[in-house]
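Notes for the one structure printed next.
Protein chains: 2
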Amino acid sequence: MHLTPAHKDQALVLFKSVQQRLAAAFEAIDGEAKVVFTSWEKAPGANGQSGGGGTMGVIRGKVVEKAGANVSAVTGDKYPALEGEYKDKPYFAAGVSTITHMFNPHAPIAHMNVRVLQVGDIFWVGGGADLTPFKRYPEDTADFHRALQEACSGQESGTYEKYKAWCDEYFYIPHRQSTRGVGGIFFDYLKGDFAALLAFLDAVSSAYVRVYPQILQRRCHLPYTDVDKDQQLYWRGRYAEFNLVYDRGTKFGLLSGGHTEAILVSMPPVVKW
Amino acid sequence: MHLTPAHKDQALVLFKSVQQRLAAAFEAIDGEAKVVFTSWEKAPGANGQSGGGGTMGVIRGKVVEKAGANVSAVTGDKYPALEGEYKDKPYFAAGVSTITHMFNPHAPIAHMNVRVLQVGDIFWVGGGADLTPFKRYPEDTADFHRALQEACSGQESGTYEKYKAWCDEYFYIPHRQSTRGVGGIFFDYLKGDFAALLAFLDAVSSAYVRVYPQILQRRCHLPYTDVDKDQQLYWRGRYAEFNLVYDRGTKFGLLSGGHTEAILVSMPPVVKW
Chain A
0 MHLTPAHKDQ ALVLFKSVQQ RLAAAFEAID GEAKVVFTSW EKAPGANGQS
50 GGGGTMGVIR GKVVEKAGAN VSAVTGDKYP ALEGEYKDKP YFAAGVSTIT
100 HMFNPHAPIA HMNVRVLQVG DIFWVGGGAD LTPFKRYPED TADFHRALQE
150 ACSGQESGTY EKYKAWCDEY FYIPHRQSTR GVGGIFFDYL KGDFAALLAF
200 LDAVSSAYVR VYPQILQRRC HLPYTDVDKD QQLYWRGRYA EFNLVYDRGT
250 KFGLLSGGHT EAILVSMPPV VKW
Chain B
0 MHLTPAHKDQ ALVLFKSVQQ RLAAAFEAID GEAKVVFTSW EKAPGANGQS
50 GGGGTMGVIR GKVVEKAGAN VSAVTGDKYP ALEGEYKDKP YFAAGVSTIT
100 HMFNPHAPIA HMNVRVLQVG DIFWVGGGAD LTPFKRYPED TADFHRALQE
150 ACSGQESGTY EKYKAWCDEY FYIPHRQSTR GVGGIFFDYL KGDFAALLAF
200 LDAVSSAYVR VYPQILQRRC HLPYTDVDKD QQLYWRGRYA EFNLVYDRGT
250 KFGLLSGGHT EAILVSMPPV VKW
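Heads up: the sequence lines are chains A and B, in that order.
For reference, each letter of the first sequence is one residue, going 0 to 272 in numbering that gives the first Met the number 0.
For reference, each letter of the second sequence is one residue, going 0 to 272 in numbering that gives the first Met the number 0.
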């Protein structure tokens, strides 16, 4: 089962549309700063390193301290897998990925990614979205999970519960003995009919684009103290640790010779240890 | 070949003495802040996680922004090795480790570690020291290397050159396609007579304790601009990335269930991405 050129085009149309909607939301929330888009292209490197390209969209404002929404599509000779079955086969990977770090300590970090992969003769989709608040608001957690649950409602019964549990497992930080936030969903290796899979990625990403800005709007202007702000910077250290020590997406990107700047857009703008 | 209790005591005496000399140097350079010592102890955990203890010495001042000198000694049932030969065997590991982050962008980051390990029936020593300046001064690089070269002068011919090359290789950051600093020395798996090995660790650590404070004294009060300071914070991101993505010491600590706070003393106090 191969992705056709038409499949790839359809996926990229979705990913670019998600990026565009996120950029509009970031700019509306910040009220001043604009998203700066930078395109990059990269020839395949030695040792099976990937070639391809993408567009980073990054905003650095006073309300939205740093947020990114990146689209990329890369191919390579050797899939740099931890997974034995797929290791070292030719691959295609495309996706959209976003992380937001707000200035206000009451406004949660959130992350979303949806992607399509072709490795050897097999293609699949994966993705997820999760919320990481420094100050926890049960209302935000409930709204975020409800939106993702709705996005899963077209799938077989139990899908949301399964992907929610997968998320909790994936974002567990062993050396901190805690999860990184209040969860969300995570899924990978979903195989089957391409149109149905892409529709699911559309549902998940559109749910995120709808619910997360709503959460930010009600938190990003709340009053806070200098102590709150300082604690937020230390707390961000956990996020940075997770991204660099455990996250498979970051590792995949760095090990496959991806575009370093694009990969590290996810890192918090200022961190204290 | 086993480390005897007397060997372990001798090693710990050296490590504690290095820690004490470093603490005195940090306090002299800062002129105001004091090193805070915190001891920790940890029972062996599930899944072969290590038990043991140690003492962190951390200073956070206005000149020395953050520096740590930690001594630890841990044992475990299963060596969490990447190395096949030693994987999952009972082990003992003890060492002293130090990293310094100065407020002034002209003053280089430096790191030093010396350690003894017993895994199964084999013991060895390892360690190294490297200099990572944001603003490069050839005089500092030359002095640092000369001190380490002298520390190697009691070893067989070519030792310094070999350990210098090993350091360049170890501290290469693939995703940045550059080394992390201006080098130093790195060595591991040195086996043989315990007294001779410990004397070498003494020579290396004492060279560091002597030369690095000299370098700091001539850089830590130089004038700099806001732009220098801001660039220093972004540049520190590379250091954080190396520590979390590649460094074997950090990985060993986190994966073996070490003391998280002690391990992360090495992280820069403030970082921007």
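Using N, Cα and C, we set each Cβ at its ideal position, and we do this for glycine too.
Contacts with chain A at 9 Å (Cβ-Cβ) include alanine 239 of chain B. The closest CA to that of threonine 74 of chain B, considering only B:His258, B:Pro268, B:Pro267, B:Ser265, is found on B:His258.
Look at glutamate 40 of chain B here: in three-state DSSP terms it is strand. In the three-state scheme derived from DSSP, where H, G and I count as helix and E and B as strand, histidine 258 of chain A is classed as coil. Near chain B, meaning a CB-to-CB distance below 9 Å, the residues of the region 149 to 175 of chain A are Pro173, His174, Arg175. Proline 268 of chain A belongs to the set of residues whose beta carbon lies under 9 Å from a beta carbon in chain B.
Per the C-alpha coordinates, the member of A:Pro268, A:Asp187, A:Arg20 positioned closest to alanine 68 of chain A is A:Arg20.
The residue among A:Thr178, A:Pro222, A:Lys15 with its C-alpha nearest the C-alpha of serine 205 of chain A is A:Lys15.
Proximity of glycine 52 of chain A to chain B, defined by a Cβ-Cβ separation below 9 Å, is not satisfied. The residues Gly125, Gly126, Gly127, Tyr162, Trp165, in chain order, have a CB closer than 7 Å to that of phenylalanine 186 of chain A in the same chain once the five nearest residues on each side in sequence are set aside. The beta carbon of cysteine 219 of chain B is closer than 7 Å to those of Ile28, Val62, Met101, Asn103, Ala106 in its chain, skipping five residues each way along the sequence.
Counting along the chain, glycine 52 of chain A sits inside the beta strand (DSSP E) bounded by residues 50 to 58. Distance check between phenylalanine 122 of chain A and each of A:Asn112, A:Gln148, A:Leu196 places A:Leu196 closest, using alpha-carbon atoms only. For serine 96 of chain A, the three-state secondary structure derived from DSSP is strand. Among the CB atoms of chain B, none fall inside 9 Å of the CB of threonine 37 of chain A. In this structure, valine 17 of chain B keeps its C-beta atom at 9 Å or more from the C-beta atom of valine 34 of chain B.
Closest in alpha carbon position to lysine 250 of chain A, among A:Ala80, A:Thr54, A:Arg179, A:Ala109, is A:Ala80. If you draw a straight line from the Cα of isoleucine 108 of chain A to the Cα of glycine 52 of chain A, it comes to about 26 Å. Residue environment analysis places arginine 235 of chain A among the buried positions, since at least 16 neighbouring C-beta atoms fall within 10 angstroms of its C-beta. Aspartate 8 of chain A carries a helical assignment under DSSP once its states are collapsed to helix, strand and coil.
In terms of CA proximity to alanine 32 of chain B, B:Arg59 leads the group B:Met55, B:Arg59, B:His1. Boundaries of the beta strand (DSSP E) harbouring alanine 72 of chain A: 65 to 75, taken from the DSSP string. When Cβ-Cβ separations below 9 Å define contact, threonine 259 of chain B makes contact with chain A.
Remark: fewer than three beta-carbon pairs, one from each stretch, lie closer than 8 Å, so the region 135 to 152 of chain B and the region 221 to 230 of chain B are not flagged as touching. Proximity of glycine 236 of chain B to chain A, defined by a Cβ-Cβ separation below 9 Å, is satisfied. In the structure shown, valine 124 of chain B falls within a strand segment according to DSSP collapsed to helix, strand and coil.
Relative to the Cα of phenylalanine 199 of chain B, the nearest Cα in the group B:Leu254, B:Thr158, B:Val115, B:Ala150 belongs to B:Ala150. Taking a contact to require three or more Cβ pairs closer than 8 Å, the region 5 to 15 of chain B and the region 261 to 272 of chain A do not qualify as touching. The C-beta of isoleucine 262 of chain A comes closer than 9 Å to at least one C-beta of chain B.
Distance between alanine 5 of chain B and serine 38 of chain B, taken at the CA atoms: about 22 Å.
In this structure, aspartate 129 of chain A sits away from isoleucine 172 of chain A, with a CB-CB distance that is not shorter than 9 Å. Listed along chain B, no residue sits closer than 9 Å to lysine 86 of chain A by beta-carbon distance, the nearest being about 17 Å off. The Cβ-Cβ distance between valine 181 of chain B and methionine 111 of chain B does not fall below 9 Å. Beta-bridge analysis with DSSP links methionine 111 of chain A to A:Thr97, A:Ala128.
By a beta-carbon distance limit of 8 Å, arginine 237 of chain A does not contact arginine 135 of chain A. Their separation comes to about 14 Å.
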